[in-house]
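Visitor: Numbering-wise, the sequence shown is residues 468 to 639 according to our numbering.
Heads up, the beta-carbon is just placed ideally off N, CA and C, and yes, glycines get one too.
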Amino acid sequence: MILAFGFVLSGIIETVGSFGLNGSLISGALALSGIPIGWMVSRTLLAVLLLAAIGVERYMPTARQPSKETAAGLLVVALAAYMTSAAFLAAPAAPVAHAANLLSRPWDLLPAALFLIAAVCFRQRLKNDRDKKDAASLFDHSLFIVASLNVVCHASAVFSRSFSMARFFWRS
């Protein structure tokens, strides 16, 4: 349930942010070195909620009282969304890519690290399921793949000169 809310909330934030991004690109008001804050919030929120889902699963593995557990899941999502948004909105300025630096976008290391922790936890979960002779579901494998791909994406974004181009694809 936490993951469902996380994917929906992250998708809504990115969709709303893409409308603003598209308008800024059309008007020419957006510098190509600027990174949309909604993008960073949604990606970090998704990583935090993947970790929250892992933590909640360890402490509440079965649904004994569905109404209380639903409320607890909603509370976890709301707190994670609030804290993630507040952390980014409290920043003095929106992130800007510095093309002259080796690490042009160092703030992408935070979501990369969070997704890495989530990928390791999901891999451990898959390994434990294999040791117990329980068949891991396709969803479990998908979560591991999603977390792993996000690690790679954010790690490559660290070297990106702008939000649309990675350093190793373009040299000037």
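From what residue to what residue does the alpha helix (DSSP H) around proline 573 run?
Guide: Note, proline 573: premise wrong, no alpha helix (DSSP H); not H, not E.
Visitor: Suppose contacts are defined by Cβ-Cβ distances below 8 Å. Is leucine 518 in contact with leucine 470 by that definition?
Guide: No, the pair does not count as a contact, with Cβ atoms beyond the cut-off.
Visitor: Just confirm the distance between the C-beta atoms of valine 515 and threonine 537, as a whole number of angstroms; I'd bet it's less than 8 Å.
Guide: Not confirmed; about 19 Å, so no contact.
Visitor: Below 8 Å between beta carbons: does that hold for aspartate 607 and arginine 592?
Guide: For aspartate 607 and arginine 592, yes; Cβs fall inside 8 Å.
Visitor: Could you give the distance in angstroms between the alpha-carbon of cysteine 620 and the alpha-carbon of glutamine 532?
Guide: One C-alpha to the other measures close to 38 Å.
Visitor: From the DSSP output, in three-state form, read off phenylalanine 626 for me.
Guide: Residue state, collapsed to three classes: coil.
Visitor: Assign asparagine 617 to one of two classes, buried (16 or more other C-beta atoms within 10 Å of its C-beta) or exposed (fewer than that).
Guide: Counting Cβ neighbours within 10 Å, asparagine 617 comes out buried, since at least 16 surround it.
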